[in-house]
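Presented below is the structure to which this report refers.
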DNA sequence: TAACTGACTGACCGATCGGTCAGTCAGTTT
DNA sequence: AAACTGACTGACCGATCGGTCAGTCAGTTA
């Protein structure tokens, strides 16, 4: 196999990477069908035929984008592991970092949300599972640990708790443009305050208070 | 103006209504750009040109669909008003009914979620506000009433509480196809159990316990 | 009856779509 | 040098897109 020169810089547009990046942005913003190969090639400053040379078809390109988004997403979520303090503090940290990572990678987030919306048992949904799967289990384990340590009520379903945490963060991202126009909502541009408020309620609701049965 | 015969049945496909209905389903399932006028006309059993006769353009049709979805959505949400019991019980009922109405009208829900995802300050986002706006305020008021009655902690942001409730329900709908494949999640096909569990945590987290400061 | 309406249709249009193909070119490999 | 590679391009293709148009037709109005 012939190796390209590949100057010692990473990911900087050497054709294929540029296409992938342009496609990620456009697919995330407009969706699969609303984006033409010509538009992607144009944004990547590349000939249209070159896109097919690298990715075979539009669907091939989309899958490649999705694959790279999933990989990136996994890496992001894996960075959420390290946490300090007691179990409650860990959950709090996890939630805050999770929200920050979602907001910090809007293209990836949007892409995955779109894929989830499309639903069905078709394209990429299994990929969406793959993203969530492992890391969701990790969060569930975190909740379970909180129950074992006695900090959280043992009768709660840890998966439901984890779902609620994820739901709160995902919703903050996807509804941001709507929330901005609802007068009652003051926290629309302060994700950390939002996360803190959410976790205040959740942890208080899950806390195992000694006098309680 | 000439009045069409309009036999005494409602909404049953007399051309325009059939187009609107077909368009709602297809737009919700695949998105604006993925659906052709031909496909809509075909599903409505109508000539393609007839679609333009009634709605002018594809965007006109889409806006009409969105408008009808908004109207329908408002009607649905307005039915959520009546609730009995104390404030906590009212919130519990609201959440359960809200989730049920989302799940019971998947096309409308999907359409609105799609519109929110598209974001920006463009098309229909203001419509999305119009849907949420009033009814969200209503939910916030419900939370405030709970605080006034002393059942809920007064220092909580009622808008944040309301957001959390909506987030939990919306997420259940949009992530349903993913949750189904996550082994830890047992409640994926039991929305009422989910809603009950969520509200158990939330209300417990918001409850104003006498001994607490 | 005659004029007119809006619902509806089939045939057609230019533009754009995803995709193909023959070929150029810089850099390896032998 | 010759053979070969993969990255890349411009020109082209059939299909389908959104949209138009002239015209048919049932029912209303006058």
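Residue numbers (this note's numbering), protein chains in the order written: chain A, 23 to 235; chain B, 23 to 235.
Beta carbons are placed, not taken as given, at the ideal position from N, Cα and C, and that holds for glycine.
Burial is judged here by how many other beta carbons sit within 10 angstroms of a residue's own beta carbon; residue 108/B has fewer than 16 and is exposed. By the Cβ-count criterion, residue 60/B is exposed, with fewer than 16 other Cβ atoms from all chains shown falling within 10 Å of its own Cβ. With its beta carbon less than 8 Å from one in chain A, residue 226/B belongs to the interface.
Here residue 197/A carries a coil assignment [DSSP, helix/strand/coil]. Here residue 223/B is near residue 186/A, since their CB atoms are less than 8 Å apart.
In the DSSP assignment, residue 84/B falls within the unbroken alpha helix (DSSP H) covering 80-100. Contact note: residue 209/B reaches chain A through 179, 181, 182, 185, using a C-beta cutoff of 9 Å and chain order. Residue 178/B sits in coil when the DSSP states are folded into three classes, being neither helix nor strand. Take residue 152/A, set aside five residues on each side of it, and the residues of its chain with a beta-carbon closer than 7 Å to its own are 92, in chain order.
When 94/B, 53/B, 41/B, 54/B are compared, the shortest CA-CA separation from residue 72/B is found for 41/B.
In this structure, DSSP gives residue 229/A an extended state, which the three-state scheme calls strand. Residue 117/B holds the alpha-carbon nearest to the alpha-carbon of residue 191/B among 129/B, 117/B, 100/B, 172/B.
Relative to the Cα of residue 184/B, the nearest Cα in the group 225/A, 179/A, 181/A, 194/A belongs to 194/A. Taking one beta carbon from each stretch, the segment 165-175 of chain B and the segment 162-178 of chain A have fewer than 3 pairs nearer than 8 Å; the two do not touch. In this structure, the beta-carbon distance from residue 225/B to residue 115/B does not fall below 8 Å. In terms of Cα proximity to residue 47/B, the closest of 37/B, 133/B, 68/B, 38/B is 133/B. Note that the C-beta distance between residue 199/A and residue 50/B is not below 8 Å.
At least one C-beta of chain A is nearer than 8 Å to the C-beta of residue 199/B. Non-local beta-carbon contacts of residue 87/A in its own chain, meaning distances under 8 Å to residues more than five positions away in sequence, involve 42, 45, 46, 49, 133 in chain order. Residue 215/B counts as exposed, since fewer than 16 other beta carbons sit within 10 angstroms of its beta carbon. For residue 77/A, the enclosing alpha helix (DSSP H) has its first and last residue at 70-77.
Our two residues, residue 68/B and residue 37/B, have alpha carbons roughly 7 Å apart in a direct line.
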